Each structure stands twice: as structure tokens, then as C-alpha cells.
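Q:
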Amino acid sequence: METLVRFVGVPLGYLVCTALRLTRLRAGLAVMYHRVGEPPGDYTFELVPNLGTHLFEAQVRYLRRTFRLVPASELHDATIARRRGQRFPAAITFDDDDAGHARVSAPILRRHAAPATFFLSGASLSAPFRFWWEVLQLAVDRGLHGQPEEIHEVAMGVQLLPAAERQAVVQGLEEAVGPAPADAGMRGELVRELVDAGFEIGFHTRRHEYLTILDEDGLSRALSDGRSELEALAGRPLETIAYPHGGAEAREAEAARAAGFRWGYTTRAMAVTPASDPLLLGRVECSFRSLGHFALRLSRALLKAE
36 METLVRFVGV
46 PLGYLVCTAL
56 RLTRLRAGLA
66 VMYHRVGEPP
76 GDYTFELVPN
86 LGTHLFEAQV
96 RYLRRTFRLV
106 PASELHDATI
116 ARRRGQRFPA
126 AITFDDDDAG
136 HARVSAPILR
146 RHAAPATFFL
156 SGASLSAPFR
166 FWWEVLQLAV
176 DRGLHGQPEE
186 IHEVAMGVQL
196 LPAAERQAVV
206 QGLEEAVGPA
216 PADAGMRGEL
226 VRELVDAGFE
236 IGFHTRRHEY
246 LTILDEDGLS
256 RALSDGRSEL
266 EALAGRPLET
276 IAYPHGGAEA
286 REAEAARAAG
296 FRWGYTTRAM
306 AVTPASDPLL
316 LGRVECSFRS
326 LGHFALRLSR
336 ALLKAE
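Numbering of the sequence shown is given in the working numbering, commencing with residue 36 and proceeding in unit increments.
Here it is, written out as C-alpha cells:
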């Protein structure tokens with residue numbers, strides 16, 4: 036089946052999207068990426084694996100050919116404005132603070148004149164920093180904590196811990212794996228490179244906490260702490276947010292709205308439509324399997340929006 040998808044997925048996906056363009060369907064897609072680089076990773080044993088550069092570039096080419104690419108802040112409005120015959124709008128988005136955004140992904144995007152939005156935390160603008168899942172990955176890889184095939188289950192357990200308990204667990208793992216390397220995270224100059232290249236910067240919260248388990252004060256702090264530092268680098272207010280771990284319901288959306296955000300992205304694998312709450316927009320994850328699988332995943336999301 037995978038071999039069949041690899042060969043027929045692209046033409047079939049393109050055919051579906053082209054056929055849907057002849058309808059009055061108003062829908063758009065946000066596509067979610069994290070890390071791009073070599074060697075490609077394996078989601079079975081990695082929390083945030085690399086998407087190989089060749090597959091990423093193939094996906095960008097497909098998106099450029101099939102959709103009208105817009106920044107994440109423009110997707111909802113572009114969806115509302117779409118008319119019969121026009122290509123569906125799509126937004127390429129990235130989460131987390133990874134130096135590869137500027138060094139690997141951005142050059143590929145620029146080569147294809149593809150806009151993108153980078154949702155950043157800003158935790159490593161001036162000094163090395165690792166998030167808890169990066170520390171956990173190292174501990175598992177070195178045989179210091181759990182089994183590789185159980186890493187996603189272990190990570191979910193850590194993610195749902197109260198902040199103090201999670202910090203205690205991570206501190207113990209950090210003592211086992213050693214300090215963060217000098218190049219850990221994403222410095223301010225790399226963020227500035229993205230801005231200067233014309234890419235959009237969004238907010239991903241400074242500490243990347245699962246917002247649905249925070250109390251009201253914690254939620255308010257999460258939506259504000261670190262935002263001004265990134266705004267200074269972006270040269271404008273940050274009005275678009277991607278919720279950490281995709282976690283947001285009505286309460287979090289209202290808090291984001293009150294904090295001045297106009298658009299918010301979850302990880303619900305659904306298309307954006309005029310009926311979508313602008314603070315609870317869905318995103319479709321990229322495919323690590325093949326370009327054909329990617330094309331079918333996108334067309335399926337559009338079909339479900341019909």
C-alpha cells in the first residue's frame with residue numbers, strides 16, 4: 036500500500052485539489068513543521084525527528100504548485116475571500132526554537148519564494164537552552180531513562196505533570212546527560228535573519244507549557260512572558276500564536292484573545308474555514324513518509340471541510 040501511495044498520491048492529491056477548486060468551497064490549510072535536516076529522523080523513537088531536506092523541499096514545491104501560499108496571519112481571511120476557480124490558500128508553519136529554521140529551512144523556502152511563519156518561544160535568544168523533551172530524548176537515547184519505543188508515552192506523562200514536578204524530573208535528567216551545548220536553541224541573530232528574509236514570526240510561549248493544565252494566573256503569564264523580546268526582534272506586534280503541544284480549548288482561546296492575539300493555531304488536523312474560530316484554527320502535520328502521502332493528507336483535509 037505504501038508503494039502505491041508513493042506513486043499515485045501526488046497526481047491523485049493534485050487532481051482532488053484541482054477539482055475542488057471548481058466548487059464554492061471556502062477552505063484553507065495550515066501545514067505544521069518542526070525540524071528539517073539530515074539525517075532524517077524516525078518518529079517511532081524520536082519526539083521531534085528531522086524531516087529530511089529532500090522530502091521537505093519536495094513538499095514545498097508541491098505546496099507552491101497546488102496552493103496559494105500566505106503567512107499564517109492571513110490564512111483565515113484568505114479562506115473567507117476565496118472564490119470558485121481560485122487555488123485554496125495554505126500557510127507553512129514551524130514550531131519551536133531550532134537553529135535549523137534559519138540555516139536549513141529558510142534557504143529552501145526562499146529558493147521557492149514560499150512564505151512561512153515561525154512560531155518561536157524565545158527561550159534561547161541570548162544563551163543556550165534546551166526544552167524538557169530535548170533533555171528526555173537525550174536520556175532515552177543514552178539508555179538512562181525508559182525504552183526508545185516507549186518515548187512518546189513517557190513524554191506525555193511528563194507533559195501533563197504540574198510545572199514544579201516536571202521541572203524536578205527534568206533537572207534530574209539534565210544532571211544525568213550534562214549541560215546544554217553552546218549552540219543549543221536559537222539565538223536572537225538567527226531570528227533576525229528570518230525577519231530580514233521576510234518571514235513572519237509568531238509566538239509559541241516562553242516556557243512551552245501545556246496551557247490547558249495551567250490556572251488562570253499561569254495562563255496569563257504564559258501568554259505574555261517573553262512576547263515583547265520577540266516583538267522587538269520582529270519589529271512589530273506578535274498577533275498570531277501556536278499553542279504549545281497544540282493544547283487549547285475555549286478558555287485558552289478567550290485568554291489569547293484577551294491578551295491581544297488575533298489568530299491561534301492548534302494541532303487539530305482540520306482545514307480552516309470561514310466558520311473556524313480565529314483563535315482555534317487547525318493545522319495538518321507534514322508527512323515523514325512520502326510526498327504522495329503528504330499530498331493525500333492535504334486533499335483529505337480539504338474533502339472533510341466540504
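C-beta atoms are modelled at their ideal positions from N, C-alpha and C, and glycine is treated no differently.
Because the structure is a prediction, the values reported are computed rather than measured.
Could you tell me which residues DSSP pairs with residue 130 in its beta bridges?
A: Under DSSP, residue 130 shares a beta bridge with 154.
Q: Do the stretch 114-127 and the stretch 57-69 make contact, defined as three or more Cβ pairs closer than 8 Å?
A: The stretch 114-127 makes contact with the stretch 57-69, as at least three CB pairs between them are under 8 Å.
Q: From residue 50 to residue 337, what distance separates their C-alpha atoms?
A: 12 Å
Q: For residue 319, which of 309, 333 and 328 has the nearest alpha-carbon?
A: When the alpha-carbon of residue 319 is set against those of 309, 333 and 328, the nearest one is in 333.
Q: I need the DSSP call for residue 245, collapsed to helix, strand or coil.
A: Three-state result, residue 245: coil.
Q: Report all residues from its chain with a CB closer than 7 Å to the CB of residue 304; omit the five preceding and five following residues, and keep chain order.
A: 317, 319, 320 and 336
Q: Would you call residue 283 buried or exposed, if buried means 16 or more other Cβ atoms sit within 10 Å of its Cβ?
A: buried
Q: Quick check for students: name the residue ranges of the alpha helix (DSSP H) that lie wholly in the stretch 162-249, counting only runs of 4 or more.
A: 167-176, 186-194, 198-212 and 223-231
Q: With which residues is residue 125 paired in a DSSP beta bridge?
A: 64 and 104
Q: So the candidates are 265, 301, 256 and 89; which of them puts its Cα closest to the Cα of residue 294?
A: 256
Q: Buried or exposed: where does residue 191 fall if 16 or more other Cβ atoms within 10 Å of its Cβ makes it buried?
A: exposed
Q: With distances taken from CA atoms, which of 160, 159, 269 and 58 is nearest residue 230?
A: 269
Q: Is there contact here, the stretch 177-191 with the stretch 142-154, by at least three beta-carbon pairs under 8 Å?
A: no
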